[in-house]
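Asker: I have a structure here, written as structure tokens, and I will follow up with some questions on it.
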Amino acid sequence: MTRQYRPADVVDFVIIGSGAAGGVIARELARSRFNVVLLEQGPRFGPADFRHDELAYWFGNALLNDPQICPQTYRRTVDDVATRARGFPYLWYARTVGGSSTHFTGNYWRFHESDFKERSLLGAIPGTSLADWPIDYAELEPYYTRVEWEIGVSGLAGASPFDPPRSRPYPMPPLPVKSSGVLLERGARKLGLHPFPAPMAINSVTYNGRPACVHCGFCMGYGCEMMAKSSTLFTAIPEAEATGRCEVRSSSYAFRIETNSRGRVAGVAYFDADQREHVQKARAVVLCANGAESPRLLLMSANAQFPDGLANSSGLVGKNLMFNTYCETGARFEHPLNEYKSVQVTRIVHDFYESDPHRGFYGGGGIDSRIGPAPAGWAWLGTPTDRRWGAGFKEFLEGFPRSMVAATHGTSLPLETNRVDLDPDLKDAWGLPAMRVTYRDHPDDLATARFLQARAAEILAAAGAQEVWKLPVTEAMGSPHLLGTCRMGDDPHSSVVDRYHRSHDIPNLFICDGSSLVTGGRGQPTMTIQALAFRAGEHIGRMARTGDI
Amino acid sequence: MSAHPTWSRRRFVASSAGAFGSGWLALNWSSIVRAAEHAHALAVTTDDDADGFEYLGSAGARDVAALAALIIPTTTTAGAHEAGVVYFIDRALGTFFAGQAPSFAAGLEALSAEVRAVHGHDARFAELDADQQEALARELAATSFFETVRLLTILGFLTAPSYGGNRGQLGWKAVGFTDAHAFAPPFGHYDRDYPGFSPSASVDEDDAQ
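Following this line, the structure appears as structure tokens:
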């Protein structure tokens, strides 16, 4: 059924990366009758391959970029020498067909109207790259709706007074509330706040031929054995293949985008599973490899014509890396919650979403109810410092079913000093330059985290917790949210791609993924990345049809 | 409340990259899969008595088992001893944790040397009384060796039994975790009588008790 192309065939599009964005764009372009090769550096798994195995998935990088073969280095500032990651990668993403949508948690709220114009609303913040987006919420609204209906999102329209306007309700009702959601709701209401059911990219009912969630609890960091999670692996990608015009080429690791004498891209060089080199020729390339791999590939593709890397006349490729600030507050209650069951998040508070100048710092965010990986991860890093072993530790472990976490996720200011580039020395297992991460939180990001954590602790106390503990707010060294590194904008001097995701420098090179984001919202960026992908797919198809590429 | 470390992935990264540097594991999936196959093969071919220890040897295994039992003691519920954590650790050191095995062995030897220095040249950690073991463990607690034993004890207590620990799912039972293909609501006490979401719902004080 699925189409096979030869590398020498000049296909209409090569799309690099099969995650939340690449899967959607492949589907849109294939449905628009273009020939598409979708390159994915990782292998392809099916639902039967996914296991409930905390050692393999959480401790062993079963789906992730493995730092032993895909090493990364990290430094806080450009003046430091970067050191190599040991256990886990600093920037982590699923290296598999479906990309990080395969292992995501599925938090799928829309960005708010303010997210697109904070520079105008708040004014400049000295020393940062805070900027308005070239598009506004109204421009993106139809595509958010398409994500909800065509990918599959459960939620309750109108439940949050802070939600931006929407043209349609959610296609599925919210997932069943968990005890952590009831408690977050209870505590928040006592404080006069407005909790609401979490929008999740997980089926609450049978939808689009996929079954409803069975509440096994293995979402975050795992592949879904039920296909209830709306990963592109189960949605857009098989739909792209069903057109008969899209080939998904897994275990194909793109290492160079090739350009011709006219300064246009002409194909993509990649390694196959046996480390043999191929070049897939194409009329245009859409880069969707995520906010870490996309800038890395552009920089690795430097040549005589583009000595600083492709699409990099602004010098901004890889810069303005944002993570979304994050921290957690634990709580223990009298009765069992059993948070290891079902989806991670069922209730959210957005009362502190907006930046408020009265706080004295930029930033805002959301608070949600959840618990993390269970149970070994909880035991390893959830341990109170005064109970790390012995009878007290055992008692803490036995409290696992009665425990929950309020997670806070917020803003990260874009800073040119925070970046992804190429390590000058370290190579990966293919001999390619390792990714080097330079990242240090802006003080306002940490202030935001502390502010949100204080609110989370108040909510948990109001909910009747027996014990509440604040986890330390520390400077981030890594994240699964990889944002801002090829930002979109109208001005070629201050952005990498235009409002349609076309690179300013090369007319047949497009970039759409987390790297496109101008600001990072308040966490949970995949919904917005995917809305951008639907919009990009539509416009790229239009341009190709009218000979504008 | 005092500051607590947490289990989140973000903290995980910070911890593995920083505080526990040399003591941390560098695992990958393929090596873990091989370890699971290895554990399965061992379970079929040995009696799991002390002579079945591939890496630690019987005396070393007794010391490690005693340390693991200090970290996760047997209380009203099973501890590291009943869950067979030492078997997991032995297999980890011979397989996916082999890269850290030399430093683990050095740590274990340092502990044994300390035991001999304090309690005589025939003394072994496993044979000390509970107070003596605990006193030594308190001194050890800040070391990367102890942190490594702690990590392996947790993994052996709470990861899948196919890796050689968590026998009879005793670790999971002790912490109230069940691995099932499916669950149905209500999931816990507090969602049992949830009346349904209403944006204007008020909080029922009685229900909160």
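Residue numbers (the working numbering), protein chains in the order written: chain A, 1 to 549; chain B, 550 to 758. We put the beta carbon where it would ideally sit given N, CA and C, even for glycine. Predicted model, so just to flag it, every value in this text is computed and none were measured.
(1) In terms of residues, what are the limits of the beta strand (DSSP E) holding Trp469 (chain A)?
(2) Apart from the five residues on each side of it in sequence, which residues of its chain come closer than 6 angstroms, Cβ to Cβ, to Ala407 (chain A)?
(3) Please report the distance separating the alpha-carbon of Gly567 (chain A) from that of Tyr253 (chain A).
(4) Interface residues of chain B around Leu482 (chain A) at Cβ under 7 angstroms?
(5) Report the rounded CA-to-CA distance for Pro622 (chain B) versus Gly392 (chain A), giving the unit in angstroms.
(6) Within the same chain, show all residues whose beta-carbon is closer than 6 angstroms to that of Leu397 (chain A), passing over the 5 residues directly before and after it, in chain order.
(7) From the DSSP secondary-structure annotation, give me the bridge partner or partners of Asn303 (chain A).
(8) Going by beta carbon distance, what residues of the same chain come within less than 8 angstroms of Val531 (chain A), once the five residues before and after it are set aside?
(9) Rounded to whole angstroms, what is the Cα-Cα separation between Tyr74 (chain A) and Leu415 (chain A)?
(10) Quick one: is Cys216 (chain A) near chain B, going by C-beta distance under 7 angstroms?
(11) Starting from the C-beta of Pro164 (chain A), find all residues in its chain whose C-beta is less than 7 angstroms away, skip the five residues before and the five after it, and write them out in chain order.
(12) Using the DSSP secondary-structure output, state which residues sit across from Glu277 (chain A) in a beta bridge.
(13) Would you mind sorting Gly315 (chain A) into buried or exposed? The rule is 16 or more other CB atoms within 10 Å of its CB.
(14) Which residues in the same chain have their Cβ closer than 8 angstroms to the Cβ of Thr594 (chain B), if we skip the five residues on either side of it in sequence?
(15) Helix, strand or coil for Pro169 (chain A)? Go by DSSP, reduced to three states.
(16) Kindly confirm or deny that the stretch 423–443 of chain A and the stretch 82–94 of chain A touch, where touching means at least three C-beta pairs closer than 8 angstroms.
(17) Just to confirm the assignment, what range does the alpha helix (DSSP H) spanning Ser120 (chain A) have?
(18) Against chain C, with Cβ distances strictly below 7 angstroms, would Tyr170 (chain A) count as a contact?
(19) Expressed to the nearest angstrom, what Euclidean distance is found between the alpha-carbon atoms of Phe746 (chain B) and Pro199 (chain A)?
(20) Mark Asp598 (chain B) as exposed unless 16 or more other C-beta atoms lie within 10 angstroms of its C-beta, in which case mark it buried.
(21) Starting from the beta carbon of Ser179 (chain A), find every residue of chain B whose beta carbon is closer than 7 angstroms, and list them in chain order.
(22) Do the stretch 34–51 of chain A and the stretch 222–242 of chain A meet, that is, are 3 or more Cβ pairs less than 8 angstroms apart?
(23) My understanding is that Tyr108 (chain A) touches Gln453 (chain A), with C-beta atoms under 8 angstroms, so please give their C-beta distance in whole angstroms.
(24) Below 7 angstroms between beta carbons: does that hold for Arg522 (chain A) and Gly410 (chain A)?
(25) Name the chain A residues that come within less than 7 angstroms of Ile703 (chain B), Cβ to Cβ?
(26) List, in chain order, every chain B residue whose beta-carbon is nearer than 9 angstroms to that of Gly390 (chain A).
(27) Report the option in A:Ala374, A:Thr259, A:Thr417 whose CA atom is closest to the CA atom of Arg76 (chain A).
(28) Counting only Cβ pairs nearer than 7 angstroms, list the residues of chain B close to Asn338 (chain A).
(29) Please report how far the alpha carbon of Gly192 (chain A) lies from the alpha carbon of Val343 (chain A), in whole angstroms.
(30) When the Cα atoms are used, what is the spatial distance from Pro710 (chain B) to Ile25 (chain A)?
(31) I'd like the span of the beta strand (DSSP E) that includes Ile621 (chain B), first residue to last.
(32) Taking the alpha carbon of Ala462 (chain A) as the point to measure from, which residue in A:His278, A:Gly127, A:Arg332 has its own alpha carbon closest?
(33) In or out: Ser179 (chain A) buried (at least 16 other Cβ within 10 Å) or exposed?
(34) Is it true that the stretch 208–217 of chain A meets the stretch 534–542 of chain A, where meeting means three or more beta-carbon pairs spaced less than 8 angstroms apart?
(35) Could you tell me whether the stretch 56–63 of chain A touches the stretch 93–107 of chain A, using the rule of 3 or more Cβ pairs below 8 angstroms?
(36) Taking the straight line between their C-alpha atoms, what separation do you get for Gly330 (chain A) and Leu413 (chain A)?
Answerer: With the given structure in hand:
(1) Going by DSSP, Trp469 (chain A) is part of the beta strand (DSSP E) stretching over 467–470.
(2) Closer than 6 angstroms at Cβ, skipping near neighbours: Glu328, Asp368, Arg370.
(3) A question about residue 567 (chain A) goes unanswered here, because the residues of chain A that appear run from 1 up to 549.
(4) Going along chain B, no residue has its Cβ under 7 angstroms from Leu482 (chain A), so there is no contact; the nearest lies around 13 angstroms.
(5) Each residue's alpha carbon lies about 10 angstroms from the other.
(6) A distance below 6 angstroms between beta-carbons, with the five flanking residues on each side excluded, links Leu397 (chain A) to the following residues of its chain, in chain order: Ala379.
(7) Residue pairing by DSSP places Asn303 (chain A) in no beta bridge whatsoever.
(8) Note that residue 531 (chain A) is Ala in the sequence shown, not Val. Residues of the same chain with a CB within less than 8 angstroms of the CB of Ala531 (chain A), apart from the 5 flanking positions on each side, are Arg110, Leu140, Tyr143, Tyr144, Arg146, Val147 in chain order.
(9) Distance between the alpha carbons of Tyr74 (chain A) and Leu415 (chain A): 16 angstroms.
(10) Interface criterion met: the Cβ of Cys216 (chain A) is under 7 angstroms from a Cβ in chain B.
(11) Excluding its 5 nearest sequence neighbours in each direction, Pro164 (chain A) has C-beta neighbours in its own chain below 7 angstroms: Arg110, His112, Glu113, Tyr137, listed in chain order.
(12) Paired residue(s): A:Phe271.
(13) Per the 10 Å Cβ criterion, exposed.
(14) Any reading at Thr594 (chain B) must be qualified, since the residue scores a pLDDT of 47, below 50, and its modelled position is unreliable; no value is offered.
(15) Coil at Pro169 (chain A), not helix or strand.
(16) Contact between the stretch 423–443 of chain A and the stretch 82–94 of chain A is present, because at least three Cβ pairs lie under 8 angstroms.
(17) Residues 118–122.
(18) Among the protein chains in the structure shown, which are A and B, there is no chain C.
(19) Approximately 14 angstroms between the Cα atoms of the pair.
(20) Its pLDDT being 49, under 50, Asp598 (chain B) is placed unreliably in this model, and the coordinates cannot settle the point.
(21) The contacting residues are Phe736, Gly737, His738, Tyr739, Asp740.
(22) As far as the Cβ criterion goes, the stretch 34–51 of chain A touches the stretch 222–242 of chain A, which means the pair count is three or higher.
(23) That pair is no contact at about 23 angstroms.
(24) Between Arg522 (chain A) and Gly410 (chain A), the C-beta gap is smaller than 7 angstroms, which places the two residues in contact.
(25) Within chain A, the residues Ala376, Ala379, Trp380 have their CB atoms less than 7 angstroms from the CB of Ile703 (chain B), given in chain order.
(26) Residues of chain B passing the Cβ test: Leu619, Ile620, Ile621, Pro622, Glu683, Ala686.
(27) Among A:Ala374, A:Thr259, A:Thr417, the Cα nearest to that of Arg76 (chain A) belongs to A:Thr417.
(28) Those within 7 angstroms of Asn338 (chain A) in chain B are Phe736, Gly737.
(29) So the alpha carbons of these two residues sit roughly 26 angstroms apart.
(30) In a straight line, the C-alpha of Pro710 (chain B) is about 42 angstroms away from that of Ile25 (chain A).
(31) That residue, Ile621 (chain B), is in no beta strand (DSSP E); it is neither H nor E in DSSP.
(32) Selected option, being the one with the closest Cα: A:Arg332.
(33) By the 10 Å Cβ count, Ser179 (chain A) comes out buried.
(34) The stretch 208–217 of chain A vs the stretch 534–542 of chain A: no contact.
(35) Yes: the two stretches touch, three or more of their Cβ pairs being nearer than 8 angstroms.
(36) Taking the straight line from one Cα to the other gives about 26 angstroms.
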